[in-house]
Amino acid sequence: MALDRESWARSWSSGTGATPADVAAMYHQNGVRRETNTGLVSDGPKGMTAFAEMFFAAVPDAVCEARTWLQTGDVVAIEWTWSGTHTGDLEGWPATGKRFTLEGCNITQLQDGLIVDERSYWDWESLRRQG
76 MALDRESWAR
86 SWSSGTGATP
96 ADVAAMYHQN
106 GVRRETNTGL
116 VSDGPKGMTA
126 FAEMFFAAVP
136 DAVCEARTWL
146 QTGDVVAIEW
156 TWSGTHTGDL
166 EGWPATGKRF
176 TLEGCNITQL
186 QDGLIVDERS
196 YWDWESLRRQ
206 G
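Residue numbers for the sequence shown follow this note's numbering, beginning at 76 and rising by one.
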């Protein structure tokens, strides 16, 4: 799988049919993803499958847009918008049943075309205010 702007966004869009397996397929066997604001760490495809299952269950109609994709060698900065309806618990945020939009960015290191290290930054408080 060649990781690019469209495939990354499509993999995070449960509302258009993506599955947790699509998310996990982007990650290297030794890959690590860190949620900088919550401290959640997901290791490898197995950890990413669990992470995506939680997100997709909480927001089954989610659509992700990669607004900016800046790549230099194996380092990618991705500015994104993720939106949907909050129907399940999401990292300690009880379901609200309301639509929301979240903006953030990820800094990603690739190895062999797969994500080996990723740090995700987003504004938790702005998300909670929408709910």
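A virtual CB, placed ideally from N, CA and C, is assigned to each residue, including glycine.
Between the alpha carbons of residue i and residue j, how many angstroms are there, rounded?
| i | j | result |
| --- | --- | --- |
| V150 | N181 | 10 Å |
| M129 | L189 | 22 Å |
| V107 | A132 | 21 Å |
| F126 | P95 | 8 Å |
| R109 | L145 | 19 Å |
| R142 | V134 | 20 Å |
Can you have a look at residue i and say buried or exposed, based on whether 16 or more other CB atoms are within 10 angstroms of its CB?
| i | result |
| --- | --- |
| D97 | buried |
| Y196 | exposed |
| E200 | exposed |
| A152 | exposed |
| T176 | exposed |
Counting along the chain, where does the alpha helix (DSSP H) carrying residue i start and finish?
| i | result |
| --- | --- |
| V107 | Where V107 is concerned, there is no enclosing alpha helix (DSSP H), although the beta strand (DSSP E) it sits in stretches over Y102 to E110. |
| E140 | Here E140 belongs to no alpha helix (DSSP H); instead the beta strand (DSSP E) covers V138 to T147. |
| E193 | Element bounds for E193: not the alpha helix (DSSP H) but the beta strand (DSSP E), L189 to W197. |
| P120 | G119 to A133 |
Taking residue i as part of the beta strand (DSSP E), name the residues at either end of that continuous run.
| i | result |
| --- | --- |
| G159 | V150 to T160 |
| A99 | No beta strand (DSSP E) holds A99; the alpha helix (DSSP H) holding it covers P95 to A99. |
| G179 | R174 to Q186 |
| A77 | No beta strand (DSSP E) contains A77, which DSSP labels as neither H nor E. |
So is the beta-carbon of residue i under 7 Å away from any non-hydrogen atom of the ligand SAH?
| i | result |
| --- | --- |
| T183 | Of ligands this structure carries none, so the ligand SAH is not represented either. |
Please work out which residues of its chain come closer than 6 Å, Cβ to Cβ, to residue i, disregarding the five sequence neighbours upstream and downstream, and give them in chain order.
| i | result |
| --- | --- |
| E166 | T113 |
| R174 | T160 |
| D192 | V107 and Q184 |
| Q186 | H103 |
| P120 | A99 and Y102 |
Kindly list the residues whose CB is nearer than 7 Å to the CB of residue i, restricted to its own chain and excluding five residues on each side of it in sequence; keep chain order.
| i | result |
| --- | --- |
| S86 | A93, D97, V98 and M101 |
| N105 | G119 and V191 |
Cutting at 8 Å between CB atoms, please list the residues of its own chain near residue i, excluding the five before and the five after it.
| i | result |
| --- | --- |
| A137 | W87, S88, S89, G90, F130, F131, W157, S158 and G159 |
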